[in-house]
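Shown next, in structure tokens, is the structure this report addresses.
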Amino acid sequence: MAATEMRGLRTRRRRDGDSFRERDRGQTAIEFVGVTPLIILLLIALWQCALIGYTFSLASNAADEAARAGTGAEYLPTLACKRAAREDLPDAWESKSTTHCQATPTLYKAEVSLKVPVLVPGVLNWPMTITGEAASPTEG
0 MAATEMRGLR TRRRRDGDSF RERDRGQTAI EFVGVTPLII LLLIALWQCA LIGYTFSLAS
60 NAADEAARAG TGAEYLPTLA CKRAAREDLP DAWESKSTTH CQATPTLYKA EVSLKVPVLV
120 PGVLNWPMTI TGEAASPTEG
């Protein structure tokens, strides 16, 4: 009798298992649709972090170029400094950039400030500013 009852349970379980499988059909697609916005938000956050890092790189490079140009300029070093700072900047960053150049007895200092774009460079900027600073020894 116990064997017969066990067979009945096995049969019932198997049938119930089949019905569970039928009810779960399409579950993966629904889960994917639910997770897709999270994946998109993560990609947007990573892209924004890449833009912030790129802005840091642009600011420090522009400041370095500006300090070097200000040091080597025989006439109008401030103009040479500001021109060199903007020379290699992409248009989206150049339009909102500010450059300060200063000569001391031993160093020529440059400071370049750039706005960080939001997702698409040239459309909208964050209110924060990233500053790159550099100095070069004066010649002569």
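Per numbering that gives the first Met the number 0, the sequence shown starts with residue 0, numbered consecutively.
From the three backbone atoms N, C-alpha and C, an ideal C-beta is built for every residue, glycine too.
From a predicted model like this one, the values you see are computed outputs, not experimental measurements.
In the three-state reduction of the DSSP assignment, Y107 falls in the strand class, which pools E and B. From the listed residues S135, E132 and S112, the smallest Cα separation to P126 is found for S112. Residue range Q26 to G71 is occupied by the alpha helix (DSSP H) that includes G71. Per DSSP, T137 is not a residue of any beta strand (DSSP E), being assigned neither H nor E. Our two residues, L75 and P136, have alpha carbons roughly 17 Å apart in a direct line. Per DSSP, the unbroken alpha helix (DSSP H) holding K81 starts and ends at P76 to E86. If you ignore the 5 residues before and after T105, its C-beta comes within less than 8 Å of the C-beta of P136 and T137, all in its own chain and listed in chain order. Contact between L88 and A61 holds, since their C-beta atoms are separated by about 6 Å, short of 8 Å. Shown here for A68: same chain residues with a beta carbon closer than 6 Å to its own, the five before and five after excluded, namely A79, C80 and A83 in chain order. In this structure, K95 is the residue among Q101, E64 and K95 with its C-alpha nearest to the C-alpha of V122. Annotated as distal: A66 and K114, with beta-carbon spacing of 8 Å or more.
Distance from the CA of T130 to the CA of E86, rounded to the nearest whole angstrom, comes to 17 Å.
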